[in-house]
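Numbering (this note's numbering), first residue to last: 17 to 126.
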């Protein structure tokens with residue numbers, strides 16, 4: 017018998033309860049973010065810090081519950097591909113910002 021949470025290639029997929037937990041956590045984090053912004057109870061720097069923390073937690077929830085990026089041995093190649101993608105996009109963004117700021121300083125200041 018095959019496990020209902022695995023595909024024909026042996027990849028593990030989440031159960032309905034796992035998806036529901038992820039969905040509920042994502043909704044709670046979204047409502048908290050909305051509440052932080054709409055209540056105006058924090059200083060602008062505090063609001064930015066709170067939103068940054070909530071966004072990071074929400075990214076981790078999505079990675080774990082929906083993309084199944086766990087620490088198991090079967091997710092090793094997915095994790096390696098994800099880390100490479102993040103590194104590549106980070107280099108691309110930082111390089112673009114550097115080139116544009118350098119161009120702006122050298123051409124617009126004259």
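We treat Cβ as the ideally placed atom computed from N, Cα and C, and that holds for glycine.
Item                                                                                                     : Value
Whether residue 70 touches residue 49 by CB criterion (8 angstroms)                                      : yes
Counted within 10 angstroms of its Cβ, other Cβ atoms place residue 52 as buried (16 or more) or exposed : buried
Residue 121 (DSSP reduced to helix, strand or coil)                                                      : helix
Distance, residue 110 Cα to residue 82 Cα                                                                : 28 angstroms
Same chain, Cβ closer than 8 angstroms to residue 127, neighbours up to 5 away in sequence not counted   : Past the boundaries of the shown model lies residue 127; the chain is included only from 17 to 126, so the question cannot be answered.
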